[in-house]
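Let me begin by presenting the structure, written as structure tokens, before commenting on it.
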Amino acid sequence: MDLKPQNILISSKICGNQWRNVVLKIADFGFAQYLRPEDSATSLRGSPLYMAPEILLRTKYDASVDLWSVGIILYECLFGSAPFSSESIEELTQKIKSPEPIKIPTNIDISDNCRDILAKLLQRDPRKRISFDEFFGHPFIDLEHMPSSESYTKGVQLIREAVDNDLKGHYNESKFEIWLPEVINQGQIFTPLPR
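This is the structure:
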């Protein structure tokens, strides 16, 4: 799949100040291919910034490459830029292929659960990467809560800005430095859905 922020759609109904029936949709399946758990592939597919190292190294890969992409997207949301921001595709490719562990910034306060899942998603070795079952069972993934109307509205605005910057080729300008301290300092940015 070609997971990247531009291909993530969110829809919902508003009831008062609560979002109801929030649906996350993945769009643009131009590069998608079905891989059963026992399958692997070797073809080069996807957007380079979100590609797992095994794809760029042209080694066999499986569906866990999507978990890598989720990790890159989460990193970008948390820290304002992807871990491999680069001036060229060549530089980007070399950074992703590098065997160096990905450093998770410590100057921004994120929960231990968030830091843990991010580290597990961004394992360069796919055998060490978190599995889908572990991902959906991880304490950071709380499917009982949904975004508040404020975080939803802010998310929509930021996605539009990211898409606009991406289309213009302004990759380093897609940083979200302006809103990041505000989101981090709010503490809980998600509100529970009534049962």
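Residues in the sequence shown are numbered from 1 upward in steps of one, following full-length UniProt numbering. Quick reminder that beta carbons are idealized off the backbone N, C-alpha and C, glycines included. Keep in mind the model is a prediction, meaning the values are calculated, not measured.
Cβ distance (whole Å) where residue i is taken to contact residue j below 8 Å
i      : j      : result
Lys120 : Ile108 : That pair is no contact at about 18 Å.
Leu3   : Asp62  : Rounded, the Cβ-Cβ distance is 14 Å, inconsistent with contact.
Gly71  : Leu122 : 4 Å
Ser149 : Ile14  : 7 Å
Test item: CB-CB of residue i and residue j under 8 Å
i      : j      : result
Lys97  : Ser86  : no
Tyr82  : Glu76  : The sequence as given places Ala at residue 82; Tyr does not occur at that position. Yes.
Leu57  : Leu118 : no
Ile104 : Arg115 : yes
Val163 : Gln6   : yes
Ser69  : Tyr50  : yes
Ser11  : Arg20  : no
Among the options, the one whose alpha carbon lies nearest that of residue i
i      : options                           : result
Asn113 : Phe140, Gln6 and Pro126           : Phe140
Ile23  : Lys168, Leu78 and Tyr152          : For the sequence presented, residue 23 should be read as Val rather than Ile. When only C-alpha atoms are compared, the closest one is Tyr152.
Ile55  : Val156, Asp125, Ser111 and Lys154 : Asp125
Straight-line Cα distance separating residue j from residue i
i      : j      : result
Pro48  : Glu100 : 18 Å
Gly16  : Gly169 : 38 Å
Leu193 : Asp142 : Reliability fails at Leu193, whose pLDDT of 42 lies under 50, so the model's placement of it is uncertain and no value is given.
Gln157 : Lys128 : 35 Å
Residue interval of the alpha helix (DSSP H) (run including residue i)
i      : result
Asn107 : Neither: Asn107 is in no alpha helix (DSSP H) and is coded neither H nor E.
Arg115 : Asp112 to Leu121
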